[in-house]
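Below you'll find the structure, written out as structure tokens, and then a few comments.
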Amino acid sequence: MIEFYHVSKTYNGWPALHDVSFKIGKGEFVFLTGPSGAGKTTLLRLIFRADAPDKGQILVNNRNLLHIRESEVPYLRRMIGFVFQDFRLLPKRTVFENVALALKVSGVPEGVLRVRVAETLGAVGLGHKLDAMPMALSAGEQQRMCLARAIVNDPQILLADEPTGNLDADLSGEILELMKSANARGTTVVLATHNRELLKRWRRRVMRLEQGRVAEDGCPET
Ligand SMILES: Nc1ncnc2c1ncn2[C@@H]1O[C@H](COP(=O)(O)OP(=O)(O)O)[C@@H](O)[C@H]1O
Ligand SMILES: [Mg+2]
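Just so you know, the sequence shown maps onto residues 124 to 345 in our numbering.
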């Protein structure tokens, strides 16, 4: 589903990723971990084609990102849900509208859209906040809204960048549960986090980056 072959990326001469290779299969759940500055966000952005590597090849769903046309990028992004570290919510749109936008641009009919958005917001526990403005939500609620926005169109891949950022243990656990259920429905999940508690809660493949290199990749021993 996601394949990296000797991928390197530098920013102003500083290596953010160096010779990174890995494969993530369809339906897998992977924790991407490592200290701040290790390259986690860079790696996710490359999968989303928000950035291009300096060296190496990246395949997503068997398509080489180096060779896809600019016109194909929207199709690639439509199959990927992304929970950004900086939220990227639309402050002047309601919670409903924030989540509906992804479906609207895909041309989903209004009736289907209303049901789908309400269901997804219900699933993340925001069924009673459809008409609220995002800034009136707590940090945990904003985080859940962003997750709803990322999963509303049932993406094949879900990328989440520190989705439990400044949440307490209970809320982080809830976010993880929501990502687990997306994974159970077949979505391939890559969850970037430096929250060790999360890794203990669910034993899954852990890929640890250190200074832009894969320092460790595998399942923890039970
Ligand atoms: N847009 C950018 N411009 C310059 N340097 C960047 C940029 N994005 C990331 N970096 C650098 O690349 C390295 C990896 O960053 P990042 O991928 O954000 O790591 P992480 O998400 O693991 O904290 C860091 O040294 C960071 O300072
Ligand atoms: Mg980051």
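Idealized CB from N, CA, C, for every residue including glycine. Remember, it's a predicted structure, so these values are computed and weren't measured experimentally.
query                                                                                                                                                         : result
Where T243 and G204 are concerned, what is the direct C-alpha to C-alpha distance, given to the nearest angstrom?                                             : 13 Å
Where DSSP assigns a beta bridge to D340, which residues make up the other side?                                                                              : M330
Return the CA-CA distance between G358 and S131, expressed in angstroms with no decimal places.                                                               : Here the chain has residues from 124 to 345 only, and residue 358 is not among them.
Leaving out the 5 sequence neighbours to the left and right, which residues in its chain are closer than 8 Å to L290 when beta-carbon positions are compared? : A262, G263, Q266, I298
Consult DSSP for D293 and reduce its assignment to one of helix, strand or coil.                                                                              : helix
When we look at the beta-carbon of N306 and count the other beta-carbons within 10 Å, is it buried (16 or more) or exposed?                                   : buried
Would you report the Cα separation of G157 and R331, rounded to the nearest angstrom?                                                                         : 5 Å
By the 10 Å Cβ neighbour count, where 16 or more other Cβ atoms means buried, how is D254 classified, buried or exposed?                                      : exposed
What residues match up with Y134 in a beta bridge as DSSP calls it?                                                                                           : W137
Given 7 Å as the limit, tell me if Q334 has its C-beta closer than that to any heavy atom belonging to ligand 2.                                              : no
Can you check DSSP and say which residues form a bridge with F127?                                                                                            : F145, I181
State the beta-bridge partners of T156 as determined by DSSP.                                                                                                 : R331
In this structure, does DSSP put G204 in helix, strand or coil?                                                                                               : strand
Could you compute how far the alpha carbon of L236 sits from the alpha carbon of P343?                                                                        : 40 Å
Using a Cβ-based criterion (distance less than 7 Å to any ligand heavy atom), does D284 qualify as near ligand 2?                                             : yes
With H, G and I counted as helix, E and B as strand and the rest as coil, what does DSSP make of V247?                                                        : coil
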